[in-house]
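When the letters of the sequence shown are read in order and numbered with our numbering, they come out as residues 118 to 514. Every residue gets a Cβ at the ideal spot worked out from N, C-alpha and C, and that includes glycine. Keep in mind the model is a prediction, meaning the values are calculated, not measured. To keep things clear, I will list the structure first and then write my remarks on it.
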Amino acid sequence: MLEPIDLLLLLISALGAAQTIFLVVLLRGEGRRAFRANRWLMIFAVAVGMSFADDIIDTMVSPLLNLYLAPVFTPFYFAFIPAIYLYFLEISGKPSVRPAWHFAVMLPVSVVMMGVVYLLGPDTSLSGVTIEEINVDLDFRLGKIFNMLLILLITTFCLQFASYMFRIWRVAVRYLQDASRQLEVDQKGLRRWVLELLLGLSVIFTLFTLINLFDTIVSRSEWLQLGVKATFVLVFFRMCHVIAVNPALFVQPERDEVGNTRESDEERRRSVLARNVVDPNDVSRIRAKLDRIVAARELMFDPLLTMPKLANAVGVTPNQLSYVLNQHLGKSFFDFVNEVRTNEASRLLIEEPDRTILDIAISVGFNSKSTFNLAFKKITGKTPSAYRDEKILNTNT
Numbered sequence: 118m119l120e121p122i123d124l125l126l127l128l129i130s131a132l133g134a135a136q137t138i139f140l141v142v143l144l145r146g147e148g149r150r151a152f153r154a155n156r157w158l159m160i161f162a163v164a165v166g167m168s169f170a171d172d173i174i175d176t177m178v179s180p181l182l183n184l185y186l187a188p189v190f191t192p193f194y195f196a197f198i199p200a201i202y203l204y205f206l207e208i209s210g211k212p213s214v215r216p217a218w219h220f221a222v223m224l225p226v227s228v229v230m231m232g233v234v235y236l237l238g239p240d241t242s243l244s245g246v247t248i249e250e251i252n253v254d255l256d257f258r259l260g261k262i263f264n265m266l267l268i269l270l271i272t273t274f275c276l277q278f279a280s281y282m283f284r285i286w287r288v289a290v291r292y293l294q295d296a297s298r299q300l301e302v303d304q305k306g307l308r309r310w311v312l313e314l315l316l317g318l319s320v321i322f323t324l325f326t327l328i329n330l331f332d333t334i335v336s337r338s339e340w341l342q343l344g345v346k347a348t349f350v351l352v353f354f355r356m357c358h359v360i361a362v363n364p365a366l367f368v369q370p371e372r373d374e375v376g377n378t379r380e381s382d383e384e385r386r387r388s389v390l391a392r393n394v395v396d397p398n399d400v401s402r403i404r405a406k407l408d409r410i411v412a413a414r415e416l417m418f419d420p421l422l423t424m425p426k427l428a429n430a431v432g433v434t435p436n437q438l439s440y441v442l443n444q445h446l447g448k449s450f451f452d453f454v455n456e457v458r459t460n461e462a463s464r465l466l467i468e469e470p471d472r473t474i475l476d477i478a479i480s481v482g483f484n485s486k487s488t489f490n491l492a493f494k495k496i497t498g499k500t501p502s503a504y505r506d507e508k509i510l511n512t513n514t
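Take a look at the structure:
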C-alpha cells in the first residue's frame, strides 16, 4: 500500500511524463525549420521526463532494483542545463560547433554511479546498512570511497550548474539586447518568451540544485522533491501553451540551407570585410548575395531574423549591410524583409484561397496576424483579406 506522499509523487510524475511526451510531439510538429533549435528543448524535455520515469519506477519496484537503475537515470540530471544552454546559443545565431561535448559528462557520471551502486549493493560487508535503508546519500558508515564518489558527483553537478547558468545568462542577455535593437516586429512577444524561459528555468534549476544538496547532505525531504517535480510539470504545461498560442516563436532558420551556396566556409570568412566602407565591387557582391538569399527564401521567412543574422549569411558586417540597404536599395532592414515576405504572402493568398491568413502570415515569417496586416497594408495599400477578395473577384470576372 502506497503512502500518501508516494501516491502523490506517482500522480505528479505520471502527469509529468505525459506532459513530456506531449511537449516533444508539439516541438517536433513545428516542422523542419523549427527543429534546429527545438531539438535542444526536446532533449531537455526527455531528460526531465526520465527523472519522472525514475520516480514512477521508484514507487513500483524494490529499493534494491531502484538502486541498480541509478546509473541509468542519474546521468540525465546532468543533461538538463546543457540542453537549455544549447537552445539559447541556437536562437542567438551562434550554435555550438560540437554540441555533443556538452553531454560528455553523462558517461563518467554513469560510471561513478556504478561504483556507488557496487558499494551499496546487498553483498557489501558494510555494517549497519539494510536494504530498506538504501539511499544515495552521504553516510559515513559506508566508508571513505563511497563518500568520495558521492562528493565527486555533487561537486560536478554544482560546478556544472554554476558555469552553465553564468553562460546562459550571458548569452540570453546579449541576445535580448540584440533583439531590442534589431527586432521591431513582435519583439514584445519574443522578449516575453525568452525572459520567461530564462527566469523560470533559472529559479527551477537553483531550487532543484539546493533541494538535492539538502537531500543528499542534510536530510531527505520528499515534500521538497514533490514541489520541484510539480514545478517542472507547470513549466512543461506553460511551454505547451506558448507553442499552441504562438508557434512561430519556436521557429529557427535552417542555417545549413542558407549557407548552401557555392562559397566554401573559407571563402565566406575571406569575404567578410574588416572595414565599414563598402566599395562598388562590394556593393555588387552584397546585392548578388542578397538576391540568392531571397531566392532561397528559407532565411527570409525566419520569424526571428535580425540584421546580424542576415549580415552573417551575406558575409558582411551589420553596418555594411545597412549601408547597402539604405543607400543602394532605398530601404530599411525591416522594409526589405517585410517586402520579401509580403510578396510571397500575396502569391499564397491567391494560389491557396482556402488557407487562413494567419497560417500564411506565420509561414512567411510573421509572428501575428496584426503585424502581418500592418506590414501588408503598408506595402500594398490593402489588408490581406481585401487584397485576396479583390484578386479573386477580378479573376472570376
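Scanning Arg309, Val288 and Asn436 for the CA closest to the CA of Phe205 turns up Val288. Going by beta carbons, Pro501 and Phe489 fall inside the 8 Å limit. Contact check between the segment 406-417 and the segment 445-465: three or more CB pairs, one atom from each, fall below 8 Å, which counts as touching. In the three-state reduction of the DSSP assignment, Leu491 falls in the helix class, which pools H, G and I.
Tyr504 is a Cβ neighbour of Ser463, given a cutoff of 8 Å. Inter-segment contact for the segment 417-425 and the segment 472-483 is present: three or more beta-carbon pairs are separated by less than 8 Å. Ranked by how close their Cα comes to the Cα of Ala428, the residues Phe450, His445 and Gly232 have Phe450 in first place. The Cβ neighbour count for His358, taken over all protein chains shown within 10 Å, is under 16; the residue is labelled exposed. Distances from the alpha-carbon of Phe354 to those of Glu120, Val141 and Leu127 put Val141 closest. Cβ-Cβ distances below 6 Å link Ala200 to Trp157, Ile160 and Phe161 in the same chain, with the five nearest sequence neighbours on each side left out; the list follows chain order. Residue burial annotation: Gly498 is exposed, with fewer than 16 other C-beta atoms found within 10 angstroms of its C-beta. By the CB criterion at 8 Å, Gln294 and Ile198 fall outside the cutoff. Short of 7 Å from the beta carbon of Val229, and not among the five residues preceding or following it, lie these beta carbons of its own chain, in chain order: Leu266, Leu269 and Leu270. In this structure, the beta-carbon distance from Leu132 to Asp172 does not fall below 8 Å. Nearest neighbour of Ile467 by Cα position, chosen from Ile509, Phe493 and Lys426, turns out to be Ile509. Beta-carbon to beta-carbon, Ser168 and Phe190 are separated by about 7 Å, close enough to satisfy the 8 Å threshold. For the 8 Å CB-CB criterion, Gln342 and Ile328 form a contact.
Shown here for Val345: same chain residues with a beta carbon closer than 7 Å to its own, the five before and five after excluded, namely Leu324, Phe325 and Ile328 in chain order. Nearest to Ile262 by alpha-carbon distance, out of Phe274, Tyr235, Cys275 and Leu315, is Tyr235.
Per DSSP, reduced to three states, the secondary structure at Leu125 is helical. The shortest C-alpha to C-alpha distance from Ala492 to any of Glu461, Phe220, Ala170 and Arg472 is the one to Glu461. When the Cα atoms are used, Ile285 and Pro212 turn out to be separated by approximately 13 Å. Looking at the backbone, the Cα of Val441 and that of Val290 are separated by about 29 Å.
Per DSSP, the unbroken alpha helix (DSSP H) holding Phe453 starts and ends at Phe450 to Glu468.
Annotation: the continuous alpha helix (DSSP H) that includes Pro188 extends over Ala187 to Tyr194. Under the 10 Å beta carbon count, Leu124 is surrounded by fewer than 16 other beta carbons and is classified as exposed. Counting every other CB atom within 10 Å of its CB across the protein chains shown gives Pro397 a total below 16, marking it as exposed.
Secondary structure note for Arg409: its alpha helix (DSSP H) is the uninterrupted segment Pro397 to Ala413. Taking a C-beta distance under 8 Å as the contact criterion, Phe349 and Val165 qualify as a contact pair. Counting only the Cα atoms, Ile129 lies some 6 Å from Ala347. The shortest CA-to-CA distance from Gln136 to any of Ile122, Pro121 and Ala170 is the one to Ala170. Ser213 sits in coil when the DSSP states are folded into three classes, being neither helix nor strand. Of the candidates Pro180, Val433 and Pro192, Val433 places its Cα closest to the Cα of Ser401. With a threshold of 16 other beta carbon atoms within 10 Å, Phe283 falls short and is exposed.
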